[in-house]
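For the sequence shown, my numbering assigns the number 6 to the initial residue and increments by one for each residue that follows.
We put the CB at the ideal spot given by N, CA and C, even for glycine.
Remember, it's a predicted structure, so these values are computed and weren't measured experimentally.
Right, one structure below, let's go through it.
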Amino acid sequence: MSEANPVLLPGFRGRQTASAPLGARTWFRVGGAAEWLLQPADTEDLANALAALAPDFPVLSLGACSNVIIRDGGIDGAVVRLGRGFADIVRDNDGLVVGAACLDATVAETAAQAGLGGLEFLAGIPGSIGGAVVMNAGAYGSDIAAVLDWAEIVTRAGDLVRLPVASLAFGYRRSALSDGSVVVRARLRGTPADPTSVAAKIADVRASREASQPVRARTGGSTFRNPDAAQTQYKAWELIDAAGCRGLRMGGAQVSEKHCNFLLNTGDATARDLESLGDTVRARVLERSGVSLHWEIRRIGRLEAA
């Protein structure tokens with residue numbers, strides 16, 4: 006083993022990189038480095054890797070990094086990022102069997118070409134299928150829980166397991182997947198439909214998203230979950246707006262003026278700027294409305310470099 010090219014896992018067929026910068030991989034374009042970045046060649050490679058790592062060695066799976074703030078101090082342990090070996094899409098009767106690295110929008114487009122409806126909402130979700138399963142991603146009246154038949158995961162121990170949708174205990178933007186496990190494949194159920202009609206619905210979803218969200222900015226999707234209807238009738242963005250936070254700035258971070266449940270990196274923001282701005286928004290909303298907003302964006306890693 007050379008210091009210039011350290012190796013965490015002898016025999017690993019994918020790419021393993023020490024001190025791998027992650028900021029440029031995120032939609033916010035901020036954050037520190039991963040102690041190790043593992044990009045497995047295929048499911049077998051991933052399973053062997055997780056089985057070989059000590060049980061207490063931290064493992065975190067990241068997808069398209071569209072809804073995450075990686076803190077400036079970086080991430081300890083191994084970050085798993087799936088690539089081409091996990092990007093197949095196969096028609097399976099009334100559904101699609103989809104690799105976890107596939108982008109949500111690509112799956113929606115493929116479903117349209119296959120004459121399958123019901124998956125159009127995926128065109129409005131930035132990210133990949135693996136992350137969508139983990140967080141039960143949803144938009145435009147549907148979510149993963151409504152269309153998922155099963156998901157295959159590699160457990161932290163390195164076992165490949167197929168889980169039916171019922172065992173994932175989906176809730177609002179959450180699932181029961183255990184820490185360290187990695188989604189590798191999923192079956193999404195559709196309904197036979199005219200491809201032209203499905204394509205038109207996808208176009209409507211995209212037009213709506215373009216009109217209402219800052220899709221061309223350095224952002225990370227919805228920042229906070231909408232509160233439970235039993236707590237308030239207002240959505241998160243309405244509470245944020247009423248608290249006077251639209252356009253609020255902190256360092257290089259800003260609350261979007263177009264949709265105030267989105268944070269923006271205006272060009273020179275740090276992860277600390279973004280997280281501090283989000284916490285300031287939460288405090289102002291709580292003070293004005295009595296409602297405690299909960300983060301939808303994941304904040305992970307160390308606040309500062311060791």
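Grouping DSSP H, G and I as helix and E and B as strand, with all else coil, what is residue i?
i      : result
Gly136 : helix
Glu157 : strand
Ile245 : helix
Asn53  : helix
Glu301 : coil
Met6   : Because the pLDDT at Met6 is just 41, under 50, the model does not fix this residue reliably, and the value given afterwards should be weighed accordingly. In this structure, Met6 counts as coil in the three-state DSSP scheme.
Ala208 : helix
Arg293 : helix
Asp278 : helix
Gln21  : strand
Arg230 : coil
Glu215 : helix
Ala142 : coil
Val35  : coil
Ser261 : coil
Asp284 : helix
Arg30  : helix
Thr201 : helix
Out of the options, point me to the one whose CA is closest to residue i's CA.
i      : options                           : result
Pro197 : Gly100, Val296 and Val152         : Gly100
Leu193 : Ser297, Ala151, Asp47 and Trp300  : Ala151
Gly257 : His264, Arg18 and Arg277          : Arg277
Leu67  : Gly135, Thr285 and Ala216         : Gly135
Gly195 : Val102, Val286, Ala181 and Asp284 : Val102
Glu149 : Phe229, Ser133 and Val95          : What sits at residue 149 in the sequence shown is Ile, not Glu. Measuring from the Cα of Ile149, the nearest candidate turns out to be Ser133.
Ile94  : Val296, Gly16 and Val189          : Val189
Ala181 : Asn141, Gly88 and Thr48           : Asn141
Gly19  : Ser71, Phe91, Cys70 and Pro60     : Phe91
Arg289 : Pro45, Ile130 and Leu244          : Leu244
Gly143 : Ser261, Arg179, Trp155 and Met255 : Arg179
Pro232 : His264, Gly295 and Ile207         : Gly295
Phe17  : Pro60, Leu42, Val203 and Glu262   : Leu42
Ala205 : Leu51, Arg86 and Glu114           : Glu114
Leu51  : Val210, Ala235, Pro15 and Ser24   : Pro15
Pro169 : Glu301, Leu153 and Pro45          : Leu153
Arg223 : Gln259, Gly88 and Thr111          : Gln259
Ser24  : Val73, Ala46, Val84 and Gln236    : Val84
Ser261 : Arg221, Glu292, Gln238 and Thr237 : Arg221
Gly252 : Glu301, Thr275, Gly226 and Leu282 : Leu282
Is the closest heavy atom of the ligand GTP to the C-beta of residue i under 7 Å?
i      : result
Gln259 : As far as ligands go, the structure on display features none, and thus does not contain the ligand GTP.
By Cβ distance, which residues of its chain are closer than 7 Å to residue i, with the 5 residues on each side in sequence left out?
i      : result
Cys70  : Arg30, Thr31 and Trp32
Arg167 : Trp155 and Glu157
Asp97  : Arg192
Ile130 : Asp109, Ala137, Ala142 and Ala144
Grab me the residues of residue i's own chain with a C-beta within less than 6 Å of its C-beta, minus the 5 sequence neighbours each way, in chain order.
i      : result
Asp81  : Glu40 and Pro63
Arg287 : Leu298
Arg293 : Ala248
Please go through the same chain and pick out, in chain order, the residues whose beta-carbon is closer than 8 Å to the beta-carbon of residue i, but skip the five residues on each side of it.
i      : result
Lys263 : Ser217, Gln218 and Pro219
Gly146 : Phe126
Any beta carbon of chain B sitting closer than 8 Å to that of residue i?
i      : result
Asp199 : Among the chains of the structure shown, chain B does not appear; only one protein chain is present.
* Quick one: complete beta strand (DSSP E) runs, 3+ long, within the stretch 160-195? -> 165-169 and 187-194
* Asked: Mind pulling the alpha helix (DSSP H) runs of 4 or more residues that sit fully within the stretch 47-133?
  -> 48-57 and 109-118
* the stretch 266-277 touching the stretch 29-46, judged by at least three CB pairs closer than 8 Å -> yes
* Any chance the stretch 39-56 sits against the stretch 117-133, with 3 or more Cβ pairs inside 8 Å? -> no
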